[in-house]
Amino acid sequence: MQSLRQCLHMLLWLDEFEPLDPARCWSECVRRDSRAMTGDHRVKWRLAGVGLDDFREQIQVSFSPFRSGDALLCHTLAATG
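Position one of the sequence shown corresponds to residue 1335 (the numbering used here), numbered consecutively onward.
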């Protein structure tokens, strides 16, 4: 049951119509960056066809909040049975 919840949570995380709230969790910045992708770049990322250089660049952008030195919130799906 927990695995099903995690899959549903991931699908909802990818929902492009849910408003973003970067103050809620650092992963909202990753969602924002994902939504900003367009064209072939977006297709490659969705189909895991992205190259190594593109992957490195995107990870650096998405994880840049960690370099700020500020505390970051992290929201997780409750792991209940």
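The C-beta atom is built at its ideal place from N, Cα and C for all residues, glycine as well. These figures come from a predicted structure and were not determined experimentally.
Reference residue i; option with closest CA among the options
i, options, result
"L1345", "R1380, V1384, M1371, G1403", "R1380"
"P1399", "C1363, V1384, T1372, Q1392", "C1363"
Length of the line joining the Cα atoms of residue i and residue j
i, j, result
"R1390", "L1338", "30 Å"
"F1397", "F1351", "23 Å"
"H1343", "G1403", "28 Å"
"A1370", "Q1340", "24 Å"
"Q1336", "D1374", "34 Å"
"D1387", "D1349", "27 Å"
"V1384", "Q1394", "15 Å"
"R1376", "A1382", "10 Å"
Reduced DSSP secondary structure (H/G/I, E/B, other) of residue i
i, result
"G1351", "The residue asked about is misnamed: residue 1351 is Phe in this sequence, not Gly. Correct three-state label for F1351: coil."
"V1395", "helix"
"C1408", "coil"
"C1300", "No answer is possible for residue 1300: it lies beyond the span of the chain, which begins at 1335 and ends at 1415."
"M1344", "helix"
"V1384", "coil"
"G1403", "coil"
Residue i vs residue j beta-carbon contact at 8 Å
i, j, result
"L1406", "W1360", "yes"
"P1356", "R1366", "yes"
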